[in-house]
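Notes follow once the structure below has been shown.
Protein chains: 2
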Amino acid sequence: MKIMQKIKGTLIPIGGNEDKGIEESEIYTLEFIDDGILFHVVEAAGGVDANIVVIPTASSIPVEVGENYLTAFSTLGCKHVEVLDIRSKEDSETEHAIELIKNADCVMLSGGDQSKITDKIGGTTIHSILIERYKNDEGFVIAGTSAGAMVMANEMIAGGSASESFIKGAVNMYKGLGLIPELIIDTHFIRRGRFGRQSEAVAKFPNLIGFGLAEDTGMIIRNGNECTVIGSGMVIVFDGSTLTHNNEKILKEGTPMTMANLTIHVLSNGDEYNIKTRKVKVLPIEAPFI
Amino acid sequence: MKIMQKIKGTLIPIGGNEDKGIEESEIYTLEFIDDGILFHVVEAAGGVDANIVVIPTASSIPVEVGENYLTAFSTLGCKHVEVLDIRSKEDSETEHAIELIKNADCVMLSGGDQSKITDKIGGTTIHSILIERYKNDEGFVIAGTSAGAMVMANEMIAGGSASESFIKGAVNMYKGLGLIPELIIDTHFIRRGRFGRQSEAVAKFPNLIGFGLAEDTGMIIRNGNECTVIGSGMVIVFDGSTLTHNNEKILKEGTPMTMANLTIHVLSNGDEYNIKTRKVKVLPIEAPFI
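So this is what it looks like as structure tokens:
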């Protein structure tokens, strides 16, 4: 893999759907189809003739989730959708899996437990192919909802208590797939009150940018840099580069944290964010919903 | 009342206690005594000989709440504690009420529904006395927990859905007692996930500073300006003066908001904030818990 080359692929992390109280409620992740997020995924992948591969590895009910995505994409008119039900590292090394990923225009990672994706795909041949194709193939799309969005980061939020947030150690970090190492991605952001854990994650890695994706909301990230909000909610951006004080490194676990001058942006449909310049470009108020 | 004179009194807003799922759970507001917050209130009021008046007006169970405070203050050794059970504007005009407030060293406003305090005390004689004494009497303390903290502001958060936050109209504002008009105060901040509604409140009044008080956490505000965090949690400060974009004024109700460059501070025990300069002064890491 060449370093510093311009990234040609597109990432679409999605915040997950309405929280109905079931942890990482993967069985509900398809309701957002009505609001057009999945339509944006198909459009970015080149339209209804795109080869779409659904990976339900994060889910505890991969068969049902896979079937739901087949139905959802077919409702949108997609003709070439396959489910790749990876349940182990070995599954990630099969010829079948490798062929599917090599020929996909779009890979869709379902919700569930993000650590499962790292454990079963991380470091395998299809992980390498995903990175390679994301970097080099114009129009190649990797979309993911909930766990499937969070795993796109390198420093991945693996879990953490919302009620204990801002107490050092409340957030658990793990390695993600490293597709966009500049970000820390959190999902279900509004309904589950995840400001605290994203703040702690950004305090741990203050050079990274935190994205908190609300339910039914996504980001289209082009060239690893240019981000546009889609969906009905908002994306909260945490920029730790302005911090003048951050005691995360020296605090004991279980101690409340101090952070001074954290910069926050609240972005909604059509608003843009540039990862390299860390600048916001907001939509004119009269612009139509995208 | 003289304008621009230096304020001599002390305010101690407190974030309320652990949320056990009962809205504005006033019956639990006394558990924080163990963690020393009520001790700080007594100390600021001059110690155990201070005249303390408890006003349980916000509560739906004022008799029980009043009794709980009597027990709590007496456990701390306080000798002169009275409950002033105001249930109407008329109750706020009685000679008894006026005398108690005139002679108090400390007034403690309980949790419950903050709008009740505005409706039953706002604009009455004891409201005027509270403001007058807060401005002129060195050592006069007004403390309040939950609703009793929120009502200290002028632009008061009266309610609002956490899950619908960042959607314009999700927060309901009402008039508070106006003791510290520079602030918008929210409580139960971490466990109830109230970042969104405080952000919307600050977007509505971007010249004001938002304080989000966590459970079991308070601010000692001296001279209407110098704030010190007490308790086991944190205070999140929202400074809207850095906003470069804020479409709150022009959005329709029900529309997701955009805000760029909101400044956030996360402060914990011993950290200080200056309202006039909007500057944070953090505690050295080796400092003892206060």
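Each protein sequence line maps, in turn, to chains A and B. The opening residue of the first sequence carries number 8 in this note's numbering; numbering runs sequentially from there. The opening residue of the second sequence carries number 8 in this note's numbering; numbering runs sequentially from there. Backbone N, C-alpha and C fix where the C-beta goes; we use that ideal spot for every residue, glycine too. This one's a predicted model, so the numbers in the text were calculated from it and none came from an experiment.
In terms of CA proximity to G129(A), E100(A) leads the group G43(A), E100(A), K211(A). Among the bridge pairs identified by DSSP, T284(B) is matched with none.
In this chain, A156(A) is not harboured by any beta strand (DSSP E); it is covered by the alpha helix (DSSP H) spanning 154-157. Around the C-beta of N110(B), fewer than 16 other C-beta atoms lie within 10 Å, and the residue is accordingly described as exposed. Contacts with chain B (Cβ-Cβ distance below 8 Å) from the stretch 269-283 of chain A involve L269, T270, I271, H272, V273, L274, S275, N276, D278, listed in chain order. Listed in chain order, the beta strand (DSSP E) runs fully inside the stretch 213-255 of chain B are 216-220, 224-229, 233-238, 241-246, counting runs of at least 3 residues.
Between the alpha carbons of T251(B) and M266(B) lies a distance of about 8 Å. The beta carbon of K283(B) is closer than 8 Å to those of N232 in its chain, skipping five residues each way along the sequence.
Not one beta carbon of chain B lies nearer than 9 Å to the beta carbon of S153(A). The stretch 153-166 of chain B and the stretch 179-189 of chain B touch, with no fewer than 3 CB-CB distances between them shorter than 8 Å. With respect to the 9 Å criterion, T64(A) and I19(A) are not classified as neighbours on the basis of their beta carbons. Collapsing the DSSP output to three states places H87(B) in a strand.
Linking Y76(A) to D144(A) through their CA atoms gives a straight-line distance of about 24 Å.
Any Cβ of chain A closer than 9 Å to the Cβ of I21(B) would place that residue at the interface, and such an atom is absent.
For E162(B), the enclosing beta strand (DSSP E) has its first and last residue at 162-167. Nearest in C-alpha terms to I138(B), of all of R198(B), A160(B), D223(B), is A160(B). Using a Cβ-Cβ cut-off of 9 Å, H47(A) does not count as an interface residue toward chain B, since no Cβ of chain B sits closer than that to its own. Within the stretch 187-198 of chain B, the residues whose Cβ lies closer than 7 Å to any Cβ of chain A are, in chain order, I197, R198.
Collapsing the DSSP output to three states places L274(A) in a strand.
Cβ contact annotation for V55(B) (same chain, cutoff 8 Å, sequence separation greater than five): V49, L83, G84, C85, K86, in chain order.
Beta-bridge analysis with DSSP links K182(A) to E162(A).
DSSP places N75(B) in the uninterrupted alpha helix (DSSP H) bounded by 69-82.
Residue-level contact check: I243(B) touches chain A, since one or more beta carbons of chain A fall below 9 Å from its beta carbon. Against T64(B), chain A offers no close residue; the least beta-carbon distance is about 29 Å (beta-carbon pairs closer than 9 Å). Between the C-alpha atoms of L91(B) and K123(B) there is a straight-line separation of about 15 Å.
Going by DSSP, D193(A) is part of the beta strand (DSSP E) stretching over 190-193. As for any alpha helix (DSSP H) of minimum length 4 sitting wholly inside the stretch 102-162 of chain A, the runs are 102-110, 121-128, 132-143, 154-157, ordered along the chain. At a cut-off of 9 Å between beta carbons, V178(A) makes no contact with chain B. Counting only residues of its own chain and dropping the five nearest sequence neighbours on each side, T270(B) has a CB closer than 6 Å to the CB of D246, T249. Take the alpha-carbon of E207(A) and the one of V88(B): they are about 42 Å apart. For G247(A), no chain B residue has a Cβ inside 9 Å of its Cβ, as the nearest lies near 11 Å away.
Counted as a single uninterrupted DSSP element, the beta strand (DSSP E) harbouring L18(B) occupies residues 17-21. Secondary structure of V289(B) (DSSP, three-state): coil. The Cβ of N230(B) sits no closer than 9 Å to any Cβ of chain A.
If you look at V48(A), you'll find it in the alpha helix (DSSP H) that goes 44-51. Bounds of the alpha helix (DSSP H) holding V209(A) are 202-211.
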